[in-house]
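Participant: If you scroll down you'll find the structure; I have some questions about it.
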Ligand code: NDP
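See below:
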């Protein structure tokens with residue numbers, strides 16, 4: 006299992022904050038519980054918030070010291086005391102970062118229908134068809150309220166959420182501008198995802214790059230980073246512009262984030278800043294998202310890049326790497342073959 010050892014202020018360190026350790030046999034199942042052989046686990050930036058010392062800044066509670074990390078995963082049921090979830094099914098649920106994980110009685114667990122015959126990979130359930138896909142879809146459509154002809158700027162644009170926001174916005178007739186942290190990622194945005202413009206934010210001043218990528222200003226900023234990216238976007242947003250505040254990864258690994266100095270421009274320009282949390286979207290919204298995105302994937306209207314790390318033992322390095330921009334696409338751990 007990958008065990009959480011200590012709360013972290015800066016980037017977590019392998020051995021000090023996270024460690025892959027041998028554990029014993031899975032426990033005897035109690036009524037309602039399900040034992041899964043874990044196949045895929047998702048690495049998401051929000052897990053970093055659960056590693057903070059302060060309960061109030063942790064999302065949905067901190068990780069418990071000495072216990073495995075927990076996140077969205079896909080697994081095969083190998084023992085069950087839940088009659089609704091038979092042995093042999095492939096399920097999606099929250100799972101421990103373990104080879105074998107017990108899903109507690111009463112926890113949300115979904116049987117993936119026709120999982121063994123699906124044309125889409127099982128890993129998609131924690132990526133494009135899971136939480137990041139839902140975030141992109143709902144954040145863009147319901148919060149960004151995009152209109153054809155508008156310009157959107159997306160930071161961390163090659164990542165799990167960003168790559169989808171950009172493609173969806175293109176289909177809706179927007180002009181799409183993205184930023185990312187390497188030339189390889191920029192080439193992907195321009196050549197594969199057909200963004201209209203993209204820049205490497207590590208090469209030069211962000212506002213200057215944004216101005217030349219979107220000379221007429223931007224209507225929507227889809228924020229994944231915060232800090233200097235948000236500052237530049239606020240400066241370059243047009244009147245009545247919208248900021249979809251999805252995340253602020255630039256601030257997650259420091260106790261003293263620099264903050265944003267020009268928030269006041271929201272007053273004269275009447276800019277709205279709209280925060281949202283994917284977990285608060287409802288079942289009706291989920292059904293619409295799943296149908297649309299499954300159709301688009303099968304029709305080849307959107308593509309999706311995953312960054313799959315093989316082996317649970319490599320999860321700590323992959324997680325820290327994702328926080329530092331080493332992932333290229335949706336950060337995913339493949340724990341075992343089906
Ligand atoms: P990504 O796959 O985009 O991975 C994180 C990326 O962030 C890295 O690859 C890196 O890319 C970039 N990054 C890291 N540090 C910095 C920095 N200091 N400055 C600029 N870029 C940085 O992650 P996700 O797509 O899963 O998540 C993106 C954002 O969306 C996060 O902020 C996350 O918290 C948020 N989120 C919010 C949800 C919600 O419900 N509101 C749900 C899901 C995600 P690069 O090489 O480009 O620097």
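In the UniProt record's numbering, the protein residues as written are 6 to 343. Here a beta-carbon is modelled for each residue, glycine too, at the ideal position from N, C-alpha and C.
Does DSSP classify residue 210 as helix, strand or coil?
Facilitator: coil
Participant: Going by C-alpha distance, which of 243, 244 and 155 is nearest residue 201?
Facilitator: 155
Participant: Buried or exposed: residue 176, going by 16 or more other Cβ atoms within 10 Å of its Cβ?
Facilitator: exposed
Participant: Just confirm the distance between the C-beta atoms of residue 41 and residue 70, as a whole number of angstroms; I'd bet it's less than 8 Å.
Facilitator: About 24 Å; that fails the 8 Å criterion.
Participant: Could you check what DSSP says for residue 288 in three-state terms: helix, strand or coil?
Facilitator: Helix, per DSSP.
Participant: Which two residues bound the contiguous alpha helix (DSSP H) that contains residue 174?
Facilitator: 167-176
Participant: At 4 residues or longer, and completely inside the stretch 100-148: list those alpha helix (DSSP H) runs for me, N to C.
Facilitator: 136-143
Participant: If you follow the alpha helix (DSSP H) that residue 240 is part of, which residue opens it and which one closes it?
Facilitator: Residue 240 -> alpha helix (DSSP H) spans 232-241.
Participant: Looking at C-alpha atoms only, which residue of 170, 227, 219 and 81 is the closest neighbour of residue 43?
Facilitator: 81
Participant: Taking one C-beta from the stretch 188-197 and one from the stretch 213-226 each time, how about it: are there three or more such pairs within less than 8 Å?
Facilitator: no
Participant: Using the Cα positions of residue 118 and residue 234, report the straight-line distance between them to the nearest angstrom.
Facilitator: 41 Å
Participant: Determine whether the beta carbon atoms of residue 229 and residue 167 lie at a separation below 9 Å.
Facilitator: yes
Participant: Could you tell me the distance, in whole angstroms, from the CA atom of residue 304 to the CA atom of residue 297?
Facilitator: Cα to Cα, residue 304 sits roughly 11 Å from residue 297.
Participant: Among the residues of its own chain, which have a CB less than 7 Å from the CB of residue 345, if the five just before and after it don't count?
Facilitator: No answer is possible for residue 345: it lies beyond the span of the chain, which begins at 6 and ends at 343.
Participant: Could you work out which residue in 242, 94 and 163 is closest to residue 205 when comparing CA atoms only?
Facilitator: 163
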